[in-house]
Amino acid sequence: MKKILIGYLIDGKNSGIDNYILNIIDQIKNDNVKIDCLTNHIDNELKSRLDKLGVGLLEIPTLKHPYSHYCAMKAIIRKGKYDIAYFNISEAFNSLGLLAAHRCDVKKIVVHSHSSGVNSHSKTVRYIKTFCHTIMKHLIVGRCATDFYTCSYVAGEWMFPKNVLSSQKFHIMNNAVKVERFKFSEEIRHKKRVELDLENRIIIGQVGAFSYQKNSEFVVDIAEALHRKNPKTMVLMIGTGSDFDEINKRVKERKLENAVRLMGSRKDVNELMQAMDIFILPSRFEGLPIVAIEAQVSGLKVIISDRISKETALSERCKFLSISESADKWAEAILSNIYYDRDSLNLSECKYCFDVVQQNNAIKEIFNF
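At position 115 of the sequence shown (counting the first as 1) the number is 1315 in this note's numbering, and the numbers step up by one without a gap.
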């Protein structure tokens, strides 16, 4: 039996990386494979879901306690005797698992990068973490991993040393999306808009953690500018995160309850996208955002930050706009792009590049199937 260790899951609810890992598990799980997943906190709903699949969920200390984190990783890997260790990480200072796997002689150690920056409002924290990241990507990531995967070249540059980027061990693998779940449906669009009581509104959507990376405070600024120009607009902010309370406070202080709706964590993002008229993502940085791909697959026009990889654009419906521009400029760009034939997008490229089924071969290659 092949034994595989996968890190790291959060709670399996609304994280793009969690969804990506759960998609991988769906593809590789069979009776001849034993899979264990790592997490910093056991979420009972996620554990129950994985238990039904016969997949283990193992709790480890957070990186706030690096020595305990490393020792726990070594103990788990020694006990599990894994053939493959797969780590989906955003920053190299989260690479102690790779070091533990290397020292426990795991034959195949895969690192998969899905980001391109440090997610913190503090300039000092970003500087310190970027400094540590740069050192550890050379000392640990480049030396301990055997295979290097990334969702975009930008994410690869962030995570891997230059010698890795020019080697045959470096692979760009498109994020997998279940295309059929996001394909446009007029029936679902009508149902969801009625359910939201927004039948006659212009709905602008944004999905992601409320955080520095996602530039959540700027989304509120955009919503305010939009509502000033057209009171029929409504911005749906879908997700949770460290900045949720602060964003909620900002919305109330500016009396924008009729311009912004904080949706929290949702399991029906695919249906909410049907209800939207346009999708925005003014992030400060990304690897290659799955939600922007999903939005395009659903037939939406998408306006995203110029800090996001150009590989995100599947068609001319994806527009890039600088986050140095004002909220008014973003509002103008949004309002000039809300009327179009939603059902006319050719999905062939999306299916070829990003559909889960099309990604099977690449995923199986990672795990030697």
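Positions of the beta carbon are idealized from the N, C-alpha and C atoms, including for glycine. Since the structure is predicted, the reported quantities are computational estimates derived from the model, not experimental observations.
Inter-residue spacing [alpha-carbon to alpha-carbon] between residue 1393 and residue 1335: Across the structure, residue 1393 and residue 1335 are spaced so that their CA atoms are roughly 49 angstroms apart.
Euclidean distance between Cα positions of residue 1284 and residue 1367: 21 angstroms
Test item: CB-CB of residue 1459 and residue 1440 under 8 angstroms: In terms of Cβ geometry, residue 1459 and residue 1440 do not form a close pair [threshold 8 angstroms].
Minimum C-alpha distance to residue 1317 - residue among 1254, 1413, 1449, 1495: 1413
Top-ranked residue by Cα proximity to residue 1201, from 1221, 1225, 1231: 1231
Residue closest to residue 1265, alpha-carbon to alpha-carbon, out of 1408, 1291, 1296, 1219: The shortest Cα separation from residue 1265 among 1408, 1291, 1296, 1219 belongs to 1296.
CB of residue 1523 within 8 angstroms of CB of residue 1505, strictly: yes
DSSP state of residue 1256 mapped onto helix, strand, coil: strand
Backbone CA spacing between residue 1567 and residue 1427 [nearest angstrom]: 49 angstroms
Member of 1499, 1396, 1424 whose CA lies at the smallest distance from the CA of residue 1541: 1499
Own chain partners of residue 1373 with C-beta closer than 6 angstroms, once the 5 adjacent residues on each side are dropped: 1349, 1562
Cut-off 7 angstroms between Cβ atoms - residues of its own chain near residue 1399, not counting five sequence neighbours on either side: Only residues of its own chain outside the window of five on either side were considered, and among them 1393 have a CB closer than 7 angstroms to the CB of residue 1399, listed in chain order.
CA nearest to the CA of residue 1527, picked from 1497, 1484, 1420, 1543: 1420
Proximal residues to residue 1537 (C-beta, below 8 angstroms), its chain only, five neighbours per side dropped: 1478, 1501, 1503, 1519
Sub-8 angstroms separation of residue 1237 and residue 1206 beta-carbons: yes
Integer Cβ distance of residue 1290 from residue 1314, believed to fall under 8 angstroms: Indeed, because the Cβ distance is near 6 angstroms, the residues count as touching under 8 angstroms.
Close-in-space but distant-in-sequence residues of the same chain around residue 1299 (CB under 6 angstroms, 5 per side omitted): 1340, 1344
First through last residue of the alpha helix (DSSP H) which encompasses residue 1228: 1216-1228
Sequence-distant residues of its chain with Cβ nearer than 6 angstroms to residue 1204 (five each side left out): 1235, 1284
Residue nearest to residue 1253 in terms of C-alpha spacing, selected from 1267, 1227, 1242, 1309: 1227
Span of the beta strand (DSSP E) around residue 1373: Element bounds for residue 1373: n/a, residue is neither H nor E.
Under the three-state DSSP convention, the category residue 1415 falls into: Three-state DSSP puts residue 1415 in coil, outside helix and strand.
Residue closest to residue 1472, alpha-carbon to alpha-carbon, out of 1450, 1532, 1294, 1382: Among 1450, 1532, 1294, 1382, the Cα nearest to that of residue 1472 is on 1382.
Three-state secondary structure assigned by DSSP to residue 1470: helix
Distance, residue 1263 Cα to residue 1269 Cα: 6 angstroms
Contact check, residue 1211 vs residue 1257, beta carbons under 8 angstroms: no
Spatially closest choice to residue 1307 from 1216, 1535, 1277, by CA coordinates: Taking the Cα of residue 1307 as reference, the smallest distance to any Cα among 1216, 1535, 1277 is reached at 1277.
Beta-carbon spacing of residue 1337, residue 1301 below 8 angstroms: no
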